[in-house]
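So the structure is just underneath, and the comments pick up after that.
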Ligand code: ADP
């Protein structure tokens, strides 16, 4: 029997359940002993009705004990225990003695407290009502008769009374003892679980940090050689290649650009998942940005024989908006390049932007990128927002892509507190839309001529450039790029050399690699900024880094640098940076 009881406790291992089973066991034992004792007294003064009631009561309690130990049905056992007690009390009050005596009150208290402790609040209330009601009804009944309340049977057997009271006391003590034991045990278990949870959390955070570091350094390592490949491809393309070489170069450029996009997307996505990406706030010209995006896709659209329309419905007096323009560009670039990718020749791509509402402080805009391309089946319209999932596996083969673009766009829009919506029908096209709200600045909108700034028209041949770079291939690429624009240059193989050469004061700009031996680009820039000669100390320094945008934005060390280009960069983007340098110095003159 002890084995069975142990297994019962083992199968109900929660401390609270164990406490309930122990209280029930104790209650059953106590009442069986009490009833047997009463039966003993009755042997001296036999009374057929009482004997029958006590025998039936003992039978019910033994059955309850059987259910508990042999069938492990502790809840049924508890109900039988409590119901038989209730019946005992009811029959005493209603049928037999017609009154409430002290023993019955004691038994009622046992039922009420045990039902709450063993079966919980709801059953506790039910049993309480079942027990209290006959007592109240009876007392009311007698009171209605002659205005007095009686506790009947003052002649009750003294031993029975004493034993019931002692049993009640013991049971109440046992109940509280068990409950508090289970309470402390639960607390200890909770503490232990919390500690385990905390250490699991720490481990997970550490693993995430390591993964993030790994991705950052991998991306860095991959970008550096990719920079050389892209740089060389660009150079070869402008060196009048033969027709067949042009095609090979186009394939080379396409593959490297795809590889770069994959590296960037993977890194971006992993940072997003770690909630490491937050939005920057800076004023920008929305109109200009939209036109720039539109222009950047024009060549691709023409190449594919598509039509593209930019429909901007904004107020003419729109001031600068405040927000993260890099992320907006990323969102629109992804959606527009998908639209181009999944629309066949002669198709139409529309980029629609309109004002939803505008107050003095902010503006809400709706954006939509609509195409009449292949469309997305309804069954796939959810999964395409999941990372690495595409509507159709053949798509990757035909159109390329990683399946990360929409997952990133969705998260970026969510970061803006909005939602990306999709309407699409197969062979009819797709409509990706979202709303964004931007703060407005007091600055007036200035129609800008930047839109029409032609590429490469600024003459930068007067620039004397210091290339601080340890990787010889990168140096070669940079030299060839600068040769194109007839700039003059000198090369420093590490930060220390760069610092020494900068001191000569003959350079207009330093293209500073960050990871260099002896002294890195950050330290070199810091020391240059600290030079006594103010003009040299303020020399323009452009970092050339293989780190990701996110890492750069989060790095304090970039404060010593004026600007940066992430490797691999296109000659055009370097040219733009150098152009602005020349334009500024011309303006100064
Ligand atoms: P990728 O384009 O790199 O495959 P995305 O996350 O950008 O990854 O897109 C996931 C999938 O959603 C695509 O592979 C394609 O099946 C579907 N999709 C996205 N945009 C469009 C669109 N404009 N028209 C049709 N299908 C689209």
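Residue numbers (this note's numbering): 8 to 596. The C-beta atom is built at its ideal place from N, Cα and C for all residues, glycine as well. If you're wondering where the values come from, they're calculated on a predicted model, not measured in any experiment.
Practice problem: Could you give the DSSP three-state label for residue 470: helix, strand or coil? | Solution: Here residue 470 corresponds to residue number 463 of the chain shown, with the count starting at 1. DSSP places residue 470 in coil when its eight states are reduced to three.
Exercise. Please say whether residue 328 and residue 447 have beta carbons closer to each other than 8 Å?
Key: Position 440 of the chain shown, counting from 1, holds the residue named residue 447. Position 321 of the chain shown, counting from 1, holds the residue named residue 328. Their beta carbons are under 8 Å apart, which means residue 447 touches residue 328 by this criterion.
Exercise. Measure the C-alpha to C-alpha separation of residue 323 and residue 293 and round it to an integer number of angstroms.
Key: Counting from one through the chain shown, the residue named residue 323 turns up at place 316. Counting from one through the chain shown, the residue named residue 293 turns up at place 286. So the alpha carbons of these two residues sit roughly 12 Å apart.
Practice problem: Work out the CA separation of residue 577 and residue 241 for me, nearest whole Å. | Solution: Counting from 1 along the chain shown, the entry for residue 241 is found at position 234. Counting from 1 along the chain shown, the entry for residue 577 is found at position 570. Straight-line Cα distance between these residues: approximately 8 Å.
Quiz item: Within this structure, are the beta carbons of residue 124 and residue 182 separated by less than 8 Å?
Solution: The residue given as residue 124 occupies position 117 in the chain shown. The residue given as residue 182 occupies position 175 in the chain shown. Result yes, Cβ atoms of residue 124 and residue 182 sit closer than 8 Å.
Quiz item: Where does residue 583 fall in DSSP's three states?
Solution: The sequence position of residue 583 within the chain shown is 576, counting from 1. Helix.
Self-check item: Residue burial classification, residue 251 (beta-carbon count within 10 angstroms, cutoff 16)
Solution: As a first step, residue 251 is located in the chain shown; it is residue number 244 there, counting from the start. Residue 251 should be labelled exposed.
Quiz item: How about residue 391 and residue 413: do their beta carbons lie closer than 8 Å?
Solution: Taking the chain shown and counting its residues from 1, one reaches residue 391 at position 384. Taking the chain shown and counting its residues from 1, one reaches residue 413 at position 406. Closer than 8 Å, so yes.
Quiz item: Between the C-alpha atoms of residue 21 and residue 142, what's the straight-line distance to the nearest angstrom?
Solution: Residue mapping note: residue 21 aligns to position 14 of the chain shown, counting from 1. Residue mapping note: residue 142 aligns to position 135 of the chain shown, counting from 1. One C-alpha to the other measures close to 36 Å.
Self-check item: Reduced DSSP secondary structure (H/G/I, E/B, other) of residue 14
Solution: Within the chain shown, numbered from 1, the residue matching residue 14 stands at position 7. In this structure, residue 14 counts as helix in the three-state DSSP scheme.
Exercise. Counting only runs of 4+ residues fully inside the segment 226-285, write out the alpha helix (DSSP H) ranges in chain order.
Key: 250-280
Quiz item: Should residue 367 be labelled buried (16 or more other beta-carbon atoms within 10 Å of its own) or exposed?
Solution: Locating residue 367 in the chain shown gives position 360, where the first residue counts as 1. Burial call: exposed.
Quiz item: Got a sec: does the ligand ADP put a non-hydrogen atom nearer than 7 Å to the Cβ of residue 411?
Solution: By 1-based counting over the chain shown, the position of residue 411 is 404. It does: the Cβ of residue 411 is within 7 Å (strictly closer) of some heavy atom of the ligand ADP.
Quiz item: residue 341: beta carbon under 7 Å from a heavy atom of the ligand ADP?
Solution: Counting from 1 along the chain shown, the entry for residue 341 is found at position 334. For the ligand ADP, at least one heavy atom lies less than 7 Å from the Cβ of residue 341.
Quiz item: Mapping DSSP to helix, strand and coil, what is residue 187?
Solution: Within the chain shown, the letter at position 180 stands for residue 187. Helix.
Quiz item: Using the rule of at least 16 other Cβ atoms within 10 Å of the residue's Cβ for burial, across every protein chain shown, is residue 121 buried or exposed?
Solution: The count along the chain shown starts at 1 and reaches residue 121 at position 114. That one is buried.
Quiz item: Can the beta-carbon of residue 365 be found less than 8 Å from the beta-carbon of residue 574?
Solution: Here residue 365 is taken as the residue at index 358 of the chain shown, counted from 1. Here residue 574 is taken as the residue at index 567 of the chain shown, counted from 1. Taking 8 Å as the Cβ cut-off, residue 365 and residue 574 do not qualify as a contacting pair.
Self-check item: Stretch pair the segment 467-486 + the segment 427-444: three plus CB contacts closer than 8 Å
Solution: no
Self-check item: Helix, strand or coil at residue 370 [DSSP, three-state]
Solution: Taking the chain shown and counting its residues from 1, one reaches residue 370 at position 363. Looking at residue 370 - three-state DSSP - the assignment turns out to be strand.
Self-check item: Option nearest residue 47 by Cα separation, candidates 495, 554, 65
Solution: For the purposes of this step, residue 47 is taken as the residue at position 40 of the chain shown. Comparing Cα positions, the closest option is 65.
Practice problem: Inspect the beta-carbon positions of residue 510 and residue 543 and report whether they are closer than 8 Å. | Solution: Translated into positions along the chain shown, residue 510 becomes position 503. Translated into positions along the chain shown, residue 543 becomes position 536. Yes, the Cβ-Cβ distance between residue 510 and residue 543 is below 8 Å.
Quiz item: Taking 7 Å as the line, does the beta carbon of residue 352 fall inside it for any heavy atom of the ligand ADP?
Solution: Counted from its first residue, the chain shown places residue 352 at position 345. Every heavy atom of the ligand ADP is 7 Å or more from the Cβ of residue 352, so no.
Quiz item: Using 8 Å as the threshold, is the segment 12-21 in touch with the segment 33-53, meaning 3 or more CB pairs across them?
Solution: no
Quiz item: Comparing the CB of residue 381 with every heavy atom of the ligand ADP, is any distance shorter than 7 Å?
Solution: Sequence index remark: in the chain shown, residue 381 carries index 374 (1-based). Residue 381 Cβ: within cutoff of the ligand ADP.
Practice problem: Taking only the alpha-carbon atoms, compute the straight-line gap between residue 25 and residue 194 and give it to the nearest angstrom. | Solution: Taking the chain shown and counting its residues from 1, the one referred to as residue 25 is at position 18. Taking the chain shown and counting its residues from 1, the one referred to as residue 194 is at position 187. Looking at the two C-alpha atoms, the distance is approximately 15 Å.
Practice problem: Check residue 359 in the structure and name its three-state DSSP category. | Solution: Taking the first residue of the chain shown as position 1, residue 359 is located at position 352. Strand, per DSSP.
Quiz prompt | residue 442 beta carbon near the ligand ADP (any heavy atom closer than 7 Å) | solution = For the purposes of this step, residue 442 is identified with residue 435 of the chain shown, where counting begins at 1. Not so, every heavy atom of the ligand ADP lies at least 7 Å from the Cβ.
Quiz item: Just curious, the alpha helix (DSSP H) that residue 532 is in, first and last residue?
Solution: Sequence index remark: in the chain shown, residue 532 carries index 525 (1-based). Start and end: 528-536.
Exercise. Starting from the C-beta of residue 586, find all residues in its chain whose C-beta is less than 7 Å away, skip the five residues before and the five after it, and write them out in chain order.
Key: On the chain shown, residue 586 is found 579 positions in, with the first residue counted as 1. Within the same chain, residue 586 has close Cβ partners 465, 467.
Quiz item: Of the residues 505, 552, 518, which one's Cα is nearest the Cα of residue 647?
Solution: Coverage of the chain is limited to positions 8 through 596, which leaves residue 647 absent and any answer about it impossible.
Quiz item: Does the ligand ADP have even one heavy atom less than 7 Å from the beta-carbon of residue 437?
Solution: In the chain shown, residue 437 corresponds to position 430, counting from 1. Because some heavy atom of the ligand ADP lies under 7 Å away, the Cβ of residue 437 counts as near it: yes.
Quiz item: Which term fits residue 18, buried or exposed, when burial requires 16 or more other beta carbons within 10 angstroms of its beta carbon?
Solution: As a working note, residue 18 is residue 11 in the chain shown. Exposed, because fewer than 16 other Cβ atoms sit within 10 Å of the Cβ of residue 18.
Practice problem: Compute the Euclidean distance between the alpha carbons of residue 244 and residue 227, then round it to the nearest angstrom. | Solution: In the chain shown, residue 244 corresponds to position 237, counting from 1. In the chain shown, residue 227 corresponds to position 220, counting from 1. Cα to Cα, residue 244 sits roughly 25 Å from residue 227.
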